[in-house]
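To start, the structure itself, in structure tokens.
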Amino acid sequence: MLSQNAEPSADPFQSLRLQSLVEGQCRVAIDPQIGLTTLLGSCVAACLWDPRRGIGGMNHFLLPEAHNGGEDGLRFGAFAMEQLINAILRETKGARESLSAKLFGGGKILAALGDIGARNGDFARRFLKDEGIALVASDLGGTRARRVMFHPASGRAFVRLAPERDAARLQDVESRRMNQSAPRAIAPARDDAIELF
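Residue numbers (our numbering): 31 to 227.
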């Protein structure tokens, strides 16, 4: 856990206006009263911010890369990371090297999905390293879903393991999304079939 409280029921983000993200979304907060939150299983959320300017944001991606070009780009790591970085830099007029990052998620909550969570986490760490962005904290892996809250103005993050009811719902959603994103085999042409170009 990144943030520990003496009182487990205390919510350090209760005074903020929370905006929720779902898979395929990216948000940047300029207002210091805004917090960002999401529920993660095998997906990864990257929280990036410029500590000097107090502006940052969060993304939530499903897979490291798309299997075909027709899919919603923000659901995939490379596009989601670039979108978040560019949105923050537009607001701060800063450089990538001035950003700090925290990564969350990448769990193995559904055996049928294989180790996609680990692949997501590995991708995000490698991406940040390649871009010269400091990874200052992470909570990746494990077998439980987690709720993440992030305050872009301060860079503070709070992670709470999700209740079982949320984890079960998330497993169902992720399983359906993975099936939608799986590469589709092209059936071989029959000998008597007409092929159009």
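For each residue, glycine too, the CB sits at the ideal point set by N, CA and C.
For the segment 65-145, the full-length alpha helix (DSSP H) segments reaching 4 residues or more read 107-122 along the chain. In this structure, DSSP gives residue 191 an extended state, which the three-state scheme calls strand. Judged by beta-carbon spacing, residue 43 lies within the 9 Å limit of residue 67, meaning their Cβ atoms are closer than that value. Distances from the alpha-carbon of residue 65 to those of 76, 54, 87 put 87 closest.
DSSP lists 133 as the beta-bridge partner residues of residue 168. A straight-line Cα-Cα distance of about 11 Å links residue 89 and residue 50.
Counting along the chain, residue 180 sits inside the beta strand (DSSP E) bounded by residues 176-181.
Linking residue 78 to residue 54 through their CA atoms gives a straight-line distance of about 16 Å. Less than 9 Å divides the Cβ of residue 175 from the Cβ of residue 71. Cβ atoms of residue 155 and residue 133 come within 8 Å of each other, at about 7 Å. Check the Cα spacing between residue 84 and each of 195, 177, 122, 137: the tightest is with 122. Apart from the 5 residues on each side of it in sequence, residue 48 sits with its Cβ closer than 6 Å to the Cβ of 65, 67 in its chain, given in chain order. Bounds of the beta strand (DSSP E) holding residue 50 are 47-50.
Residues 65 of the same chain have their beta carbon placed closer than 6 Å to that of residue 181, with the five preceding and five following residues left out of the count. Judged by beta-carbon spacing, residue 74 lies within the 9 Å limit of residue 150, meaning their Cβ atoms are closer than that value.
Beta-bridge pairing by DSSP links residue 57 to 88.
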